[in-house]
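Let me begin by presenting the structure, written as structure tokens, before commenting on it.
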Amino acid sequence: MTALKDLTPNFRHVRLLFARTAGHPQGDREEGYDLLVPLDEAGRLDAATWKTHQAFCRVRRFSDDGDERIGRLRRKPGGQWYFDYEEGDADNEIGFRLGEESFVTGEYVSIMQDGTMQTYQVARVEKP
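Residue numbers (the numbering used here): 87 to 214.
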């Protein structure tokens with residue numbers, strides 16, 4: 087279990103919520119992600135801290151149908167970030183340019199989910 091004393095000061099709890107789409111003009115506050123990740127001063131993923139604290143970088147995907155998945159933030163050798171839930175690649179969710187995105191309230195990020203790119207809005211960034 088992760089204890090607050092084990093985290094570096096730049097770890098943040100980030101909440102992503104499903105953004106507006108044609109089918110969801112208000113977005114969906116019941117679908118999204120909770121992330122526990124290290125961020126740098128600009129709000130970007132901190133790869134150096136991630137590398138030494140990978141076991142603490144958690145992902146929780148939630149939805150209004152009650153489907154919840156728990157996984158980890160991972161990084162491919164080329165630098166691409168993804169969410170990993172189980173062994174193998176079949177369930178991985180790839181972040182679109184997550185290394186370049188700023189996790190700042192109001193900004194948007196895209197995640198490939200079941201073969202479809204979905205957009206999420208950063209709803210909250212706070213110390214754990």
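Built from N, CA and C at the ideal position, the CB exists for glycine as well.
- For secondary structure counted as the beta strand (DSSP E) over 3 or more consecutive residues, the stretch 112-160 holds these complete runs in sequence order: 114-124, 144-148.
- Assignment of residue 200 by DSSP, reduced to helix, strand and coil, places it in the coil class.
- Of the other Cβ atoms in all chains shown, fewer than 16 fall within 10 Å of the Cβ of residue 202; this residue is therefore exposed.
- Taking the Cα positions, residue 92 is about 9 Å away from residue 139.
- Cβ neighbours of residue 160 within its own chain (closer than 6 Å, five residues either side excluded): 168, 170.
- Around the beta carbon of residue 172, fewer than 16 other beta carbons lie within 10 angstroms, which makes this residue exposed.
- The three-state secondary structure of residue 175, taken from DSSP, is coil.
- For residue 99, the enclosing beta strand (DSSP E) begins and ends at 97-104.
- The Cβ atoms of residue 101 and residue 120 lie closer than 7 Å to each other.
- Taking C-beta separations shorter than 6 Å and ignoring five residues to either side along the sequence, the partners of residue 199 in its chain run 179, following chain order.
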